[in-house]
Amino acid sequence: MSTEKSENIMEVRNLKVRFFTYEGIVKAIDGVDLDVPRGKTLGIVGETGSGKSVTTYAMMNLVPPPGKIVKGRVIYYKDGDALVLTEMPEEELRKLRGSEISRIFQEPKAALNPVYKVGDQVAEAILIHRFDEMIDRAIKGLEKKEGLINSWKLSILKRARKNERDILVRFIKKMPIAKRLYWRPVQEEARKEVVKLLGMMGISDPDRVYDMYPHELSGGMQQRIVIATALSCNPNLLIADEPTTNLDVTVEAQILELMKDMKKKFGSTLVYITHDMGVIAEMSNFVAVMYAGRIVEFGDVYTIFKKPMHPYTKGLLEAIPMPGRPLKYIPGTVPNLINPPSGCRFHPRCPHAMDICKEKKPKLVEIEPGHRVACFLYSKEVDEE
Ligand SMILES: Nc1ncnc2c1ncn2[C@@H]1O[C@H](COP(=O)(O)OP(=O)(O)O)[C@@H](O)[C@H]1O
Ligand code: SF4
Ligand SMILES: [Mg+2]
24 MSTEKSENIM
34 EVRNLKVRFF
44 TYEGIVKAID
54 GVDLDVPRGK
64 TLGIVGETGS
74 GKSVTTYAMM
84 NLVPPPGKIV
94 KGRVIYYKDG
104 DALVLTEMPE
114 EELRKLRGSE
124 ISRIFQEPKA
134 ALNPVYKVGD
144 QVAEAILIHR
154 FDEMIDRAIK
164 GLEKKEGLIN
174 SWKLSILKRA
184 RKNERDILVR
194 FIKKMPIAKR
204 LYWRPVQEEA
214 RKEVVKLLGM
224 MGISDPDRVY
234 DMYPHELSGG
244 MQQRIVIATA
254 LSCNPNLLIA
264 DEPTTNLDVT
274 VEAQILELMK
284 DMKKKFGSTL
294 VYITHDMGVI
304 AEMSNFVAVM
314 YAGRIVEFGD
324 VYTIFKKPMH
334 PYTKGLLEAI
344 PMPGRPLKYI
354 PGTVPNLINP
364 PSGCRFHPRC
374 PHAMDICKEK
384 KPKLVEIEPG
394 HRVACFLYSK
404 EVDEE
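Here it is as structure tokens:
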């Protein structure tokens, strides 16, 4: 740990991720360098299979097996300290995930447990990450009440607050009726917090929705619950992985508005993943364009839309449907990353490919202040790694 100061909340340096599968080694992420500016929204865009999800899993040091980070560093800046997440013990990482860095998953159905009430699922996250706060609120509430049972609950909660391993507290936890009694005020505090949060998500009857099961809610409502869970612990960095992909366009528009609103209210940094250039324009301050496991272009949102340089970014922009303009598309598909193309991984699809593109990897180079591009049309610098 050092005490460097940074404008960025996170920096990814020369990240390489491989998946060790029976078919072969998938070279999924191939030397990604990425800055996440603090308090802003960074959009990551690229076709399916570009490596957007894997990059952001690596940002939490949470690449699923058979994947592995084989090289590089992820640095997270917390209160002026530089924490190297790729070198941190799992136990400490677990504390950061959820409370500091949180993730909204692409598929709300997979993120929600079908057999629990949705409100209880949000409350669980709060009880894990904001336990002391909830217990303090319950103690405050009980101090205002009279009666023998209340004073008994109060003394047990105070003992639990002081020392979770207190012998009497542990004993009571083993007796279901007593446990329910002393624990209820804490659960009620968590419930109040969840109801407040669901209200902020634009859910009109949050107290009733708290007691519903996932299958009773529409896709849009389910996604609001997932967003509420991710925001319940006031994370400093929120990663949203295509959170509107499976929703109707009108619901998508509502969720996008909600995300922007929440970002303002919570003041957090947002990393927003999508394959949709329209959504990127709507949401981002900065944009990273990914192709086949590499960042090919990075800049602020105006630069990327007004002055795109990389042929892939230009192709993505031309593929946005516009009235009166013939629909263009990028020929070919994202390559299989077990045997990726040599040199620039985009060369088989690039209309400007030159001989050097087949042999060497272009380095991500700052072409003008804040605008980085990895393409030999602009710089002959080679990425030797
Ligand atoms: N569990 C896995 N096993 C093997 N390969 C994987 C696995 N997860 C992702 N990949 C590979 O990693 C690459 C990047 O995937 P991903 O990050 O999911 O792309 P995106 O989110 O941009 O659609 C793809 O080539 C994909 O095949
Ligand atoms: S490096 Fe070559 S192949 Fe790659 S995008 Fe630039 S011109 Fe096209
Ligand atoms: Mg993905």
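Residue numbering for the sequence shown follows this note's numbering, beginning at 24 and increasing consecutively.
Quick reminder that beta carbons are idealized off the backbone N, C-alpha and C, glycines included.
Item	Value
Any idea what DSSP makes of residue 14, helix, strand or coil?	One cannot answer for residue 14 here, as it falls past the ends of the chain, which runs 24 to 408.
By how many angstroms is the C-alpha of residue 70 removed from the C-alpha of residue 315?	9 angstroms
Does DSSP put residue 152 in a helix, a strand or coil?	helix
So is residue 89 buried or exposed if we call it buried at 16+ other beta carbons inside 10 Å?	exposed
Taking 7 angstroms as the limit, name every residue whose beta carbon sits nearer than that to some heavy atom of ligand 3, in sequence order.	71, 75, 76, 129, 264, 265, 296
Could you check whether the Cβ of residue 87 sits closer than 7 angstroms to any heavy atom belonging to ligand 4?	As far as ligands go, the structure on display features ligand 1, ligand 2 and ligand 3 and does not contain ligand 4.
Enumerate in chain order the residues of its own chain whose CB-to-CB distance from residue 389 is below 6 angstroms, with the five nearest sequence positions on each side excluded.	395
So for residue 61, helix, strand or coil by DSSP?	coil
What is the DSSP secondary structure of residue 27, counted as helix, strand or coil?	With a pLDDT of 48 at residue 27, under the threshold of 50, the modelled position of this residue cannot be trusted; read the value that follows with caution. Three-state DSSP puts residue 27 in coil, outside helix and strand.
Give every residue of the same chain whose Cβ lies closer than 6 angstroms to the Cβ of residue 131, excluding the five residues on either side of it in the sequence, and list them in chain order.	245, 246, 249
Looking at the unbroken beta strand (DSSP E) that takes in residue 389, where does it start and where does it end?	388-391
Going by beta carbon distance, what residues of the same chain come within less than 6 angstroms of residue 49, once the five residues before and after it are set aside?	42, 360, 361
Is DSSP giving residue 95 helix, strand or coil here?	strand
For a test of your reading of the model: does the CB of residue 385 fall under 7 angstroms from any non-hydrogen atom of ligand 2? Yes or no.	yes
Taking just the CA atoms, how far does residue 291 sit from residue 61?	8 angstroms
Could you tell me whether any non-hydrogen atom of ligand 1 is closer than 7 angstroms to the CB of residue 54?	no
What does DSSP give as the partner residues of residue 55 in its beta bridges?	38
Ligand 1 heavy atoms versus the CB of residue 51: any closer than 7 angstroms?	yes
Return the bridge partner residues of residue 263 from the DSSP annotation.	127, 295
Got a sec, what are the start and stop residues for the beta strand (DSSP E) residue 323 sits in?	317-323
Alpha carbon to alpha carbon, how far is residue 151 from residue 318? Give it in angstroms, no decimals.	35 angstroms
Can you tell me whether residue 207 is buried or exposed? The criterion is at least 16 other CB atoms within 10 Å of its CB, across all chains shown.	exposed
Give the straight-line distance between the Cα atoms of residue 223 and residue 403, rounded to the nearest whole angstrom.	51 angstroms
So, for residue 326: in the same chain, excluding its five sequence neighbours on each side, which residues have a beta-carbon less than 7 angstroms away from its beta-carbon?	394
Take residue 252 as the anchor and find which of 229, 221, 278 has the nearest alpha-carbon.	221
Report yes if the C-beta of residue 298 is less than 7 angstroms from at least one heavy atom of ligand 2; otherwise report no.	no
Would you check whether ligand 1 has a heavy atom nearer than 7 angstroms to the C-beta of residue 57?	no
Of the choices 135, 163, 330, 30, whose alpha-carbon is the least far from that of residue 103?	30
Do the CB positions of residue 470 and residue 65 come within less than 8 angstroms of each other?	Only positions 24 to 408 of the chain appear in this structure, which leaves residue 470 out of reach.
Does the beta-carbon of residue 74 have 16 or more other beta-carbons within 10 angstroms, so that it is buried, or is it exposed?	buried
Under the criterion of a Cβ to heavy atom distance below 7 angstroms, does residue 369 qualify as lining ligand 1?	no
At a cut-off of 7 angstroms, would you count residue 333 as near ligand 2, judging by its Cβ distance to the nearest heavy atom?	yes
Going by the CB atoms, is the gap between residue 329 and residue 342 shorter than 8 angstroms?	no
I believe residue 18 touches residue 289 by the beta-carbon criterion, under 8 angstroms. Please report the beta-carbon distance rounded to the nearest angstrom.	The structure shown does not extend to residue 18, since the chain is modelled only from 24 to 408, so the question has no answer here.
Is it the case that the CB of residue 400 approaches a heavy atom of ligand 2 more closely than 7 angstroms?	yes
Could you tell me if residue 387 is buried or exposed, where buried requires 16 or more neighbouring beta carbons within 10 angstroms of its beta carbon?	buried
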